[in-house]
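The next block holds one structure in the form of structure tokens; read it before the comments.
Residue numbers (our numbering): 2 to 534.
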């Protein structure tokens, strides 16, 4: 006899992108069938499946607010007209292809018994909590070898919410090593989804599909009617170009019955390997994989992540399931695990969150906490702008945040006004352990190096790309500069232009805006915000 338990909640504790009224969340636990249904505003969103017959727990299906199913049915609930390849692709899952040499990713009931010793399985062990206060489901699982011996304990919290027509899954997964565990770089991982046929990219290769009687049938010439999926990354790449590239988020979008639908996966700056690489295939596999760096970079990078016995690591990904309209980049940014963390450091009113280390005419190292025109000739706040100027006989100056940062992203706008501009943004300090992101002309190279990293005693180890076509000489420019560990990335006017790793880097310090000495110049700044992770 089936045993059902119903848990009701209102997801007021969820991340909000708008002021819209929060959705109601209902959990329906079906212990006999080993699943928990998740309903938002009265309709099914997904189910947590933990049947012992599965090689891992999964969320299946994923359903929009309008009732469109965006995941492939096979192998859990095969549907006519869909592919039957890769039986290990089930709804949404979380695992990896090389854990102490065991393949957790490819395990399925298609693996012959004599080969099972090469595969791992994730065994659900406990429903820890169904939280009626914030729409969350907490679970525990065990990552085991084929003999049932555990390598890792998994604790996962799913948080479900809805904003307008956007349904949201936040997944927090903590892995704790029960022995020394290695995750050798491998393309098969980590946060995966397999989508329905309509969300695939149109393809021509022969494939095996389920016919109307549920029988797998090989199709030599594919019928792509209604198949119109496409990928778009935060870096502006589309289609198959997304595979093997890094991005903060990727959207897979399509139309089903003339209604726009999409799934967007967003990375978190605190995750290992951020920004993640994407294992995104045209046949409907959509996965964020931060651990396969050597494969995706063609040997230029290597991570080979590992945990010592007793150590833990936590991953947090957000997934948006949307219908009814096209989510553009601005819409997605409202759900971003980066953009929602910004704090304003200059809004045009004052410089109370900044300091300069030397007052004009005083000894090096004097901290000037109150910055006004009586103390300096460089920095002034006028017309809601930070106006920065220098003369040929004046020393330079740097404006520093009073706060220090570990991992962060700074965004600002700048405009060239006059003279030979030589400014920039210091990323955690001003010595050889901290790159400065140049704005304007390099004094040593005698040409514009905007958005390129300058490292004292090393010069410019790398030059930003596409800047010549993007930089506006007579208008406002938007620049975003990011420091995650020893990796530095820059965007100019919405385009990614620079990615640099400084091997020996300082990992904490303030952000500085530099005004170079011995220049006749003026540059303006506005809207300076910093997100700390």
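Note that CB positions come from ideal geometry on N, CA and C, so glycine has one too.
> According to DSSP, what are the bridge partners of residue 422?
Replying inline: Counting from 1 along the chain shown, the entry for residue 422 is found at position 421. DSSP lists no partner for residue 422.
> Is the number of C-beta pairs between the stretch 191-202 and the stretch 321-333 that are closer than 8 Å three or more?
Replying inline: Contact between the stretch 191-202 and the stretch 321-333 is absent, because fewer than three Cβ pairs lie under 8 Å.
> Cα separation between residue 426 and residue 497?
Replying inline: Here residue 426 refers to the residue found at position 425 when the chain shown is read from its first residue. Here residue 497 refers to the residue found at position 496 when the chain shown is read from its first residue. About 17 Å.
>> Can you give me the C-alpha to C-alpha distance between residue 535 and residue 409, rounded to a whole angstrom?
In response: In the structure as shown, the chain begins at 2 and stops at 534. Residue 535 is therefore absent and cannot be evaluated.
> Would residue 47 be called buried (16 or more neighbouring beta carbons within 10 Å of its own) or exposed?
Replying inline: Your numbering for residue 47 matches position 46 in the chain shown. By the 10 Å Cβ count, residue 47 comes out buried.
>> I'd like the span of the alpha helix (DSSP H) that includes residue 469, first residue to last.
In response: By one-based count along the chain shown, residue 469 stands at place 468. Element bounds for residue 469: 468-471.
> Do you know offhand how far residue 124's Cα is from residue 244's?
Replying inline: Your numbering for residue 124 matches position 123 in the chain shown. Your numbering for residue 244 matches position 243 in the chain shown. One C-alpha to the other measures close to 30 Å.
>> In whole angstroms, give me the CA-to-CA distance for residue 273 and residue 316.
In response: Taking the chain shown and counting its residues from 1, the one referred to as residue 273 is at position 272. Taking the chain shown and counting its residues from 1, the one referred to as residue 316 is at position 315. Between residue 273 and residue 316, the alpha-carbon positions lie close to 7 Å from each other.
> From which residue to which residue does the alpha helix (DSSP H) around residue 1 run?
Replying inline: Past the boundaries of the shown model lies residue 1; the chain is included only from 2 to 534, so the question cannot be answered.
> Can you list, in chain order, the stretches of the alpha helix (DSSP H) that have 4 or more residues and sit fully within the stretch 268-314?
Replying inline: As far as the stretch 268-314 is concerned, its whole alpha helix (DSSP H) runs of at least 4 residues are 294-297.
> Cα separation between residue 308 and residue 174?
Replying inline: The sequence position of residue 308 within the chain shown is 307, counting from 1. The sequence position of residue 174 within the chain shown is 173, counting from 1. Distance between the alpha carbons of residue 308 and residue 174: 15 Å.
> Out of curiosity, what's the CA-to-CA distance linking residue 338 and residue 264?
Replying inline: Along the chain shown, read from residue 1 onward, the residue named residue 338 stands at position 337. Along the chain shown, read from residue 1 onward, the residue named residue 264 stands at position 263. Looking at the backbone, the Cα of residue 338 and that of residue 264 are separated by about 16 Å.
> Whose C-beta lies closer than 7 Å to the C-beta of residue 186 among residues of the same chain, with five residues either side of it excluded?
Replying inline: Here residue 186 refers to the residue found at position 185 when the chain shown is read from its first residue. Taking residue 186 as the centre and dropping the five residues before and after it, the same chain places the C-beta of 292, 293, 294, 295, 296, 303, 304, 305 closer than 7 Å to its C-beta, in chain order.
> Can you tell me where the alpha helix (DSSP H) with residue 334 in it begins and where it stops?
Replying inline: Taking the first residue of the chain shown as 1, we reach residue 334 at position 333. Unbroken alpha helix (DSSP H) run through residue 334: 330-334.
> For residue 300, which of 494, 188, 510 has the nearest alpha-carbon?
Replying inline: As a working mapping, residue 300 is identified with position 299 in the chain shown. Among 494, 188, 510, the Cα nearest to that of residue 300 is on 188.
> If we ignore side chains and look at the alpha-carbon of each, how far apart do residue 74 and residue 505 end up?
Replying inline: Within the chain shown, residue 74 is the residue found at index 73, counting from 1. Within the chain shown, residue 505 is the residue found at index 504, counting from 1. Those two C-alpha atoms are separated by around 49 Å.
> Could you give the distance in angstroms between the alpha-carbon of residue 43 and the alpha-carbon of residue 203?
Replying inline: By one-based count along the chain shown, residue 43 stands at place 42. By one-based count along the chain shown, residue 203 stands at place 202. Residue 203 has its alpha-carbon roughly 34 Å from the corresponding atom of residue 43.
> Count the other CB atoms within 10 Å of the CB of residue 532; is the residue buried (16 or more) or exposed (fewer)?
Replying inline: Residue numbering aside, residue 532 sits at position 531 when the chain shown is read from its first letter. In the assembly as shown, residue 532 is a buried residue. Its beta-carbon has 16 or more other beta-carbons within 10 Å.
>> residue 328 and residue 543 - do their beta-carbons sit closer together than 9 Å?
In response: In the structure displayed, the chain extends from 2 to 534; residue 543 sits before or after that span and is not available.
> Going by other Cβ atoms of all chains shown within 10 Å of its Cβ, with 16 needed for buried, is residue 62 buried or exposed?
Replying inline: Indexing the chain shown from 1 puts residue 62 at position 61. Residue 62 should be labelled buried.
> Since residue 51 sits in a beta bridge, which residues does DSSP pair it with?
Replying inline: By 1-based counting over the chain shown, the position of residue 51 is 50. Residue 51 pairs with nothing; no bridge assigned.
> Can you tell which of 144, 353, 225, 513 has the C-alpha that lies nearest to the C-alpha of residue 398?
Replying inline: For this step, residue 398 is matched to residue 397 along the chain shown. Comparing alpha-carbon positions, the option among 144, 353, 225, 513 lying closest to residue 398 turns out to be 513.
> Starting from residue 94 and walking both ways along the beta strand (DSSP E), at which residues does that stretch end?
Replying inline: Translated into the one-based positions of the chain shown, residue 94 becomes position 93. Its beta strand (DSSP E) spans residues 93-97.
>> For residue 346 and residue 182, I'd like the C-alpha separation in whole angstroms.
In response: Taking the chain shown and counting its residues from 1, one reaches residue 346 at position 345. Taking the chain shown and counting its residues from 1, one reaches residue 182 at position 181. Answer to the nearest angstrom: the Cα atoms are 42 Å apart.
>> Three Cβ pairs or more, each shorter than 8 Å: is that satisfied between the stretch 74-91 and the stretch 142-162?
In response: As far as the Cβ criterion goes, the stretch 74-91 does not touch the stretch 142-162, which means the pair count is below three.
> What whole-angstrom Cβ distance do residue 477 and residue 414 have, given they're in contact under 8 Å?
Replying inline: Here residue 477 corresponds to residue number 476 of the chain shown, with the count starting at 1. Here residue 414 corresponds to residue number 413 of the chain shown, with the count starting at 1. Confirmed, Cβ separation roughly 5 Å.
>> Whole angstroms are fine: how far does the CA of residue 167 sit from the CA of residue 475?
In response: In the chain shown, the residue the question calls residue 475 occupies position 474. In the chain shown, the residue the question calls residue 167 occupies position 166. Taking the straight line from one Cα to the other gives about 39 Å.
>> I need the DSSP call for residue 242, collapsed to helix, strand or coil.
In response: Position 241 of the chain shown, counted from the first residue, corresponds to residue 242. In the structure shown, residue 242 sits in a helix (DSSP, three-state: H, G or I).
> Mapping DSSP to helix, strand and coil, what is residue 154?
Replying inline: On the chain shown, residue 154 is found 153 positions in, with the first residue counted as 1. Residue state, collapsed to three classes: strand.
>> Buried or exposed for residue 52, going by 16 or more other Cβ atoms inside 10 Å?
In response: Sequence index remark: in the chain shown, residue 52 carries index 51 (1-based). Exposed, since its Cβ has fewer than 16 Cβ neighbours within 10 Å.
>> Does the distance between the C-beta of residue 486 and the nearest non-hydrogen atom of the ligand MN fall short of 8 Å?
In response: Here there are no bound small molecules, and the ligand MN is not part of this structure.
>> Using a 10 Å radius around the Cβ and a threshold of 16 neighbouring Cβ atoms, would you call residue 129 buried or exposed?
In response: As a first step, residue 129 must be located in the chain shown, where it is residue number 128. Exposed is the call here.
> Do you know whose CA, among 232, 389, 438, lies nearest residue 527's CA?
Replying inline: To locate residue 527, count along the chain shown from 1; it is residue 526. In terms of CA proximity to residue 527, 389 leads the group 232, 389, 438.
>> For residue 313, count the other beta carbons within 10 Å of its own beta carbon; 16 or more makes it buried, fewer makes it exposed. Which is it?
In response: What you label residue 313 is simply residue 312 of the chain shown in a count that begins at 1. Result: exposed.
>> Within 10 Å of its beta-carbon, does residue 137 have 16 or more other beta-carbons around it, so buried, or fewer, so exposed?
In response: The sequence position of residue 137 within the chain shown is 136, counting from 1. Flag for residue 137 reads buried.
>> Spatial neighbours of residue 225 within its chain, please: C-beta separation below 6 Å, excluding the five flanking residues on both sides.
In response: Translated into the one-based positions of the chain shown, residue 225 becomes position 224. Short of 6 Å from the beta carbon of residue 225, and not among the five residues preceding or following it, lie these beta carbons of its own chain, in chain order: 203.
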